[in-house]
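The structure appears right after this line, and notes come after that.
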Amino acid sequence: MSGNETTLIVFSDDLDKALASFVIANGAAATGKKVTMFFTFWGLSVIKRREKVRTSKDFMGRMFSWMLPRNSQKLSLSKMNFAGLGPGMMRGRMKAKRIDPLETMIQTALQAGVRMTACQMSMDIMGVVKEELIDGVELGGVATYLEAASSAAVNLFI
Amino acid sequence: MSGNETTLIVFSDDLDKALASFVIANGAAATGKKVTMFFTFWGLSVIKRREKVRTSKDFMGRMFSWMLPRNSQKLSLSKMNFAGLGPGMMRGRMKAKRIDPLETMIQTALQAGVRMTACQMSMDIMGVVKEELIDGVELGGVATYLEAASSAAVNLFI
Amino acid sequence: MSGNETTLIVFSDDLDKALASFVIANGAAATGKKVTMFFTFWGLSVIKRREKVRTSKDFMGRMFSWMLPRNSQKLSLSKMNFAGLGPGMMRGRMKAKRIDPLETMIQTALQAGVRMTACQMSMDIMGVVKEELIDGVELGGVATYLEAASSAAVNLFI
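Residue numbers (the working numbering), protein chains in the order written: chain A, 31 to 188; chain B, 31 to 188; chain C, 31 to 188.
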């Protein structure tokens with residue numbers, strides 16, 4: 031039945047939207063639903079690995095690398111970012127309320143079998159290579175997404 | 031049948047997105063559909079009550095209170111906000127075109143039986159308490175949302 | 031079957047989100063799905079025609095015209111806009127990677143039979159008239175959208 035699947039397009043690299051994505055993904059996975067997350071455009075930064083990876087990029091690829099958040103630890107808030115103070119405040123507040131940090135949520139999702147797909151076209155445009163992404167992420171295109179979404183009950187663009 | 035339900039996650043506190051949310055919610059309710067709105071993160075500000083409520087908050091809770099819009103009357107536009115002039119312009123324009131203001135749309139939704147749920151986790155993070163929210167709002171978590179969404183035909187993240 | 035339809039609300043006038051919308055729309059259309067795009071609020075700018083159209087607008091209508099992007103060629107990025115440099119960079123990069131520009135994607139969508147609907151209420155608010163929109167766009171309201179969405183498998187708000 032269609033009620034058993036959920037897909038999320040993670041388009042944004044805002045910390046708050048990344049958190050919302052993983053709260054929904056992990057909530058759905060916890061009740062036994064099949065979940066597919068499709069990371070596209072700015073959303074690719076959410077699943078970049080923390081360790082620096084040696085890559086050979088062209089000029090524009092290096093430009094994008096330099097300008098985009100290096101990994102999930104470097105994401106900004108969509109509001110109240112306060113030149114970088116906001117995310118720390120949000121993270122501190124979550125810790126105080128005993129809510130998992132984003133990085134733990136990502137690991138929980140992977141362990142729960144949430145399927146994470148990185149958009150190949152966005153990777154080409156932004157010069158992101160597979161080695162920069164965390165383990166367990168597969169590559170795919172809009173067809174991959176649409177196939178999963180067509181049989182899912184809940185499809186969100188975040 | 032699934033065609034009879036609609037859910038909206040209101041994540042944003044932008045006036046324009048709040049308006050879009052309530053136009054869709056009220057449109058769906060008008061055709062007899064069951065509608066659930068789930069207010070999370072910044073979206074909580076959309077359903078704060080207008081009257082000042084005496085609460086005892088911790089330091090961070092007071093910080094959030096002070097920085098976030100106090101209620102739906104104080105929301106900004108996602109574009110063309112012009113340091114606060116934009117929302118008034120948008121509201122004036124809507125009035126001239128005889129479109130209900132946001133506050134009327136919210137009351138219409140409540141009267142039409144639209145179910146409004148505030149995200150408990152977001153309230154904890156931002157230090158928002160139930161007394162600050164308008165009457166008729168219930169509290170819930172991601173499980174509440176997912177249950178409604180799984181049986182709905184239209185699910186949007188706004 | 032519901033699996034055969036897709037609807038997209040294009041609320042944003044960000045170049046990146048417009049691109050995502052058309053990649054999804056054209057991907058779905060290519061696999062034989064019926065696709066409806068509903069352009070509302072800022073999203074109206076995505077389907078404005080390139081040629082200047084002589085219109086008689088009231089003062090506020092002229093204000094909106096003057097402040098909003100004149101057509102798809104003038105859209106900004108939601109991030110890294112760099113006072114207007116970002117979109118050119120993104121477009122150059124897409125060209126280098128042999129990805130169709132937005133304007134070609136729009137034409138492809140129209141030729142593939144993607145149904146494009148402009149939100150009448152948003153047009154009223156922003157003073158946009160039908161003559162300013164590209165050929166092939168029809169006008170509609172929230173009821174038009176909800177009817178299409180209720181029978182669709184994939185509904186996104188972008």
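Beta carbons: idealized from backbone N, C-alpha and C, even for Gly.
Tell me which residues of the stretch 86 to 110 of chain C have at least one Cβ-Cβ distance to chain A shorter than 7 Å, keeping chain order. Of all residues in the stretch 86 to 110 of chain C, only 109 and 110 come within less than 7 Å of chain A when Cβ atoms are compared, listed by chain position.
Considering just the uninterrupted stretch of the beta strand (DSSP E) at residue 40/B, what are its terminal residues? Boundaries of the beta strand (DSSP E) around residue 40/B: 35 to 40.
Any idea if residue 131/A is buried or exposed, counting beta-carbon neighbours within 10 angstroms, 16 or more meaning buried? It is exposed - the Cβ of residue 131/A has fewer than 16 other Cβ atoms within 10 Å.
Using the C-alpha atoms, what's the distance from residue 163/B back to residue 134/B? Rounded to whole angstroms, residue 134/B to residue 163/B spans 16 Å at the Cα level.
Residue 87/C bridges to which residues according to DSSP? DSSP, once it has assigned bridges, lists no residue as partnering residue 87/C.
With 16 other Cβ atoms within 10 Å as the buried cut-off, status of residue 61/A: With fewer than 16 neighbouring CB atoms inside 10 Å of its own CB, residue 61/A falls in the exposed class.
Indicate the three-state DSSP secondary structure (helix, strand or coil) for residue 180/A in the structure shown. The answer is helix: DSSP assigns residue 180/A an H, G or I state.
Does the beta carbon of residue 73/A sit closer than 7 Å to a beta carbon anywhere in chain B? Chain B, which has no Cβ nearer than 7 Å to the Cβ of residue 73/A, makes this no.
Along the stretch 163 to 185 of chain C, where does the CB come closer than 9 Å to a CB of chain A? Name the residues. Taken in chain order, the members of the stretch 163 to 185 of chain C whose beta-carbon sits within less than 9 Å of a beta-carbon on chain A are 183, 184 and 185.
Does DSSP classify residue 125/C as helix, strand or coil? Three-state result, residue 125/C: helix.
Buried or exposed by the 16-neighbour rule on C-beta atoms within 10 Å, applied to residue 72/B: So residue 72/B ends up on the buried side.
Roughly how many angstroms lie between the CA atoms of residue 154/A and residue 127/C, to the nearest whole one? Put simply, the backbone Cα of residue 154/A is about 7 Å away from that of residue 127/C.
What is the C-beta distance between residue 179/B and residue 144/A, in whole angstroms, given that I count them as a contact (C-beta under 8 Å)? Wrong, their Cβ atoms sit about 17 Å apart, outside the cutoff.
From residue 52/C to residue 141/C, what distance separates their C-alpha atoms? CA-to-CA, the gap between residue 52/C and residue 141/C works out to about 13 Å.
Exposure of residue 118/A, with buried meaning 16 or more beta-carbon neighbours within 10 Å: Exposed: under 16 other Cβ atoms inside 10 Å.
For residue 100/B, I'd like the list of residues in its chain whose CB is within less than 6 Å of its CB, leaving aside the five on either flank, ordered along the chain. Hits under 6 Å: none found.
Looking only at C-alpha atoms, which of 105/B, 87/B, 64/B and 63/B sits nearest to residue 44/B? Proximity to residue 44/B across 105/B, 87/B, 64/B and 63/B peaks at 105/B, based on C-alpha coordinates.
Between residue 31/A and the rest of its own chain, which residues show a CB-CB distance below 6 Å, the 5 nearest in sequence each way excluded? With a pLDDT of 41 at residue 31/A, under the threshold of 50, the predicted position of this residue should be treated as unreliable, though the coordinate-derived value follows. Counting only Cβ-Cβ distances below 6 Å, and skipping sequence neighbours, we find nothing.
Establish whether the CB of residue 155/C and some CB of chain B are separated by less than 7 Å. Judged by the 7 Å Cβ criterion, residue 155/C is in contact with chain B.
Drop a sphere of 10 angstroms on the beta-carbon of residue 113/C, count the other beta-carbons inside from all chains shown, and report buried for 16 or more, exposed for fewer. Its Cβ having fewer than 16 others within 10 Å, residue 113/C is exposed.
Check whether residue 74/A and residue 152/A have beta carbons under 7 Å apart: The Cβ atoms of residue 74/A and residue 152/A sit closer than 7 Å to each other.
Quick one: measure Cβ to Cβ for residue 147/C and residue 94/C, integer angstroms, because I've assumed they're closer than 8 Å. About 20 Å separates the two Cβ atoms, so there is no contact after all.
Collapsed DSSP secondary structure at residue 70/A in the structure displayed: Three-state result, residue 70/A: coil.
Close beta carbons around residue 182/A, own chain, < 7 Å, minus the five adjacent residues each side: When the five nearest sequence neighbours on each side are left out, the beta carbons in the same chain lying within less than 7 Å of the beta carbon of residue 182/A are those of 32, 35, 36 and 37, in order along the chain.
Mind checking which residues open and close the alpha helix (DSSP H) that includes residue 98/C? Looking at the DSSP string, residue 98/C is not in any alpha helix (DSSP H), and its letter there is neither H nor E.
If you measure beta-carbon to beta-carbon, which residues of the stretch 122 to 152 of chain A are closer than 7 Å to chain C? For the stretch 122 to 152 of chain A, which is checked against every Cβ of chain C, the residues closer than 7 Å are 151.
Which one of 64/A, 109/A, 171/A and 86/A has the shortest CA to CA distance from residue 56/C? Nearest of 64/A, 109/A, 171/A and 86/A to residue 56/C, Cα basis: 171/A.
What whole-angstrom Cβ distance do residue 169/C and residue 187/A have, given they're in contact under 8 Å? Taking the Cβ atoms as the reference, residue 169/C lies roughly 24 Å from residue 187/A, outside the contact range of under 8 Å.
Below 8 Å on the Cβ atoms is my contact criterion, and I expect residue 139/C with residue 59/C to pass it. Report the Cβ-Cβ distance as a whole number of Å. At roughly 7 Å, the Cβ-Cβ gap stays under 8 Å, so residue 139/C and residue 59/C are in contact.
Looking only at its own chain, which residues have a Cβ that is under 7 Å from the Cβ of residue 97/C, when we skip the five neighbours before and after it? Within the same chain, and ignoring the five residues on either side of residue 97/C in sequence, no residue has its Cβ closer than 7 Å to its Cβ.
If contacts are defined as beta-carbon pairs under 8 Å, then residue 167/B and residue 54/B qualify, I think. What distance do you get, rounded to the angstrom? Contact between residue 167/B and residue 54/B is ruled out by a C-beta separation of about 18 Å, above the 8 Å threshold.
I want to verify the contact list: residues of chain C whose CB lies under 8 Å from the CB of residue 70/A, in sequence order. Simply 50.
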